[in-house]
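Residue numbers (this note's numbering): 300 to 541. Cβ atoms here follow ideal geometry from the backbone N, Cα and C, with glycine treated the same way.
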Ligand code: URA
């Protein structure tokens with residue numbers, strides 16, 4: 300179930316703001332009844348009419364983008380920076396699934412499927428995200444263990460994580476390691492490492508569930524294959540705590 304204005308916007312009909320205007324102006328009917336409040340939630344089974352025409356359900360597309368650094372993960376940027384949407388076809392109203400920081404590279408899903416987006420970004424989804432991290436200084440075993448058990452960031456404890464493949468570079472006094480987390484709070488990996496005194500200097504998401512950017516070039520996108528999508532959905536559905 301999603302808010303009516305979001306469903307209209309995700310169908311590709313218009314922007315969310317325009318959808319809100321249409322609703323409050325009494326132009327939208329759900330299952331034959333005019334709706335003028337903005338809060339109501341609808342599902343894919345509900346029939347939505349705008350100005351007497353049925354809202355068409357736009358064909359769903361799923362892209363896997365190898366996000367380079369130097370791009371923001373939003374549809375529009377208020378500071379006019381390059382966005383990840385500049386790197387994929389623009390014939391549909393698409394949006395990224397969650398965010399990677401401006402300085403983070405790696406796997407980013409871009410789609411117009413609001414349902415899978417909500418499921419994937421939900422903290423309950425439990426889908427693994429694997430990162431390659433380079434941080435300043437030498438990450439000690441106790442610090443790794445602390446991060447793995449969960450630490451408090453802004454009074455909220457992070458879920459269990461895994462840290463492995465730890466390599467030290469004595470010349471640059473830095474550490475490279477891999478980290479697997481199953482949630483995606485804002486700047487989560489950078490904040491986790493900062494909390495044990497290590498600034499992250501390079502961050503790449505190497506895997507999202509079953510999807511990787513292996514064999515892809517930075518800035519390249521490809522269509523996610525049906526069997527990959529099926530597998531991704533199964534990773535969400537397998538979550539016992541949902
Ligand atoms: N964690 C971060 O700190 N940044 C990202 O871009 C992704 C995960």
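Task: 3 or more residues per run - each beta strand (DSSP E) lying fully within the region 446-518 - done: 461-468, 473-480, 499-507
- [ ] Say yes only if the C-beta of residue 365 is nearer than 7 Å to one or more non-hydrogen atoms of ligand 1, and no if none qualify.
- [x] Your numbering for residue 365 matches position 66 in the chain shown. The answer is no for residue 365.
Open item on the list: Would residue 500 and residue 434 be called neighbours here (beta carbons separated by less than 8 Å)?
Closed with: As a position in the chain shown, residue 500 is number 201, starting the count at 1. As a position in the chain shown, residue 434 is number 135, starting the count at 1. In this structure, residue 434 lies closer than 8 Å to residue 500 by Cβ.
- [ ] Check each candidate in 449, 452, 485, 327 and name the one with the smallest Cα separation from residue 401.
- [x] On the chain shown, position 102 is the one that residue 401 refers to. Among 449, 452, 485, 327, the Cα nearest to that of residue 401 is on 485.
Task: residue 347 to residue 471 span [Cα, whole Å] - done: For this step, residue 347 is matched to residue 48 along the chain shown. For this step, residue 471 is matched to residue 172 along the chain shown. When rounded, the distance between both Cα atoms is 59 Å.
- [ ] Go through the region 421-446 residue by residue and report every complete run of the alpha helix (DSSP H) that reaches 4 residues or more, in order.
- [x] none
Open item on the list: I want to check one thing, is the minimum distance from the CB of residue 488 to the heavy atoms of ligand 1 below 7 Å?
Closed with: As a working note, residue 488 is residue 189 in the chain shown. Under cutoff, so the answer is yes.
TODO: Spell out a yes or no on whether the region 474-481 and the region 364-376 are touching, meaning 3 or more CB-CB pairs, one atom from each, closer than 8 Å.
DONE: no
Open item on the list: When you measure from the CB of residue 400 to every non-hydrogen atom of ligand 1, does any distance come out below 7 Å?
Closed with: Here residue 400 is taken as the residue at index 101 of the chain shown, counted from 1. Answer for residue 400: yes, Cβ within range of ligand 1.
- [ ] Please work out which residues of its chain come closer than 6 Å, Cβ to Cβ, to residue 371, disregarding the five sequence neighbours upstream and downstream, and give them in chain order.
- [x] The sequence position of residue 371 within the chain shown is 72, counting from 1. The answer, listed in chain order, is 380, 382, 401.
Task: Option in 495, 332, 467 with minimal Cα separation from residue 542 - done: Any answer about residue 542 is impossible in this case: the structure gives the chain only from 300 up to 541.
Open item on the list: Let me make sure I understand the geometry here. Which of 480, 313, 519, 504 has the alpha-carbon closest to that of residue 427?
Closed with: Counted from its first residue, the chain shown places residue 427 at position 128. The candidate whose alpha carbon is nearest that of residue 427 is 480.
- [ ] Just mark residue 541 as buried or exposed, buried being the case when its beta carbon has 16 or more other beta carbons within 10 Å.
- [x] By 1-based counting over the chain shown, the position of residue 541 is 242. For residue 541, the pLDDT reaches just 42, beneath the cut-off of 50, and the residue's location in the model is therefore unreliable, leaving the point undetermined.
Open item on the list: What I want to know is whether the C-beta of residue 502 ends up closer than 7 Å to one or more non-hydrogen atoms of ligand 1.
Closed with: The count along the chain shown starts at 1 and reaches residue 502 at position 203. Yes, the beta carbon of residue 502 sits closer than 7 Å to at least one heavy atom of ligand 1.
Task: residue 504 to residue 431 span [Cα, whole Å] - done: To locate residue 504, count along the chain shown from 1; it is residue 205. To locate residue 431, count along the chain shown from 1; it is residue 132. Their backbone Cα atoms lie some 6 Å apart in a straight line.
Open item on the list: Let me check understanding here. Comparing Cα to Cα, which of 454, 528, 422, 439 lies closest to residue 466?
Closed with: Start at 1 with the first residue of the chain shown, and residue 466 comes out as number 167. Closest by alpha carbon: 439.
TODO: Could you tell me if the beta carbon of residue 382 falls within a distance shorter than 7 Å of some heavy atom in ligand 1?
DONE: Within the chain shown, residue 382 is the residue found at index 83, counting from 1. No, the beta carbon of residue 382 sits no closer than 7 Å to any heavy atom of ligand 1.
Open item on the list: I want to check one thing, is the minimum distance from the CB of residue 312 to the heavy atoms of ligand 1 below 7 Å?
Closed with: Sequence index remark: in the chain shown, residue 312 carries index 13 (1-based). Residue 312 Cβ: outside cutoff for every heavy atom of ligand 1.
- [ ] Using the DSSP secondary-structure output, state which residues sit across from residue 555 in a beta bridge.
- [x] Summary: the structure shown does not reach residue 555, with the chain confined to residues 300 through 541, and so no result is reported for it.
Open item on the list: Can you confirm whether the region 347-357 touches the region 305-322 when touching is taken to mean that 3 or more C-beta pairs between the two stretches lie within less than 8 Å?
Closed with: yes
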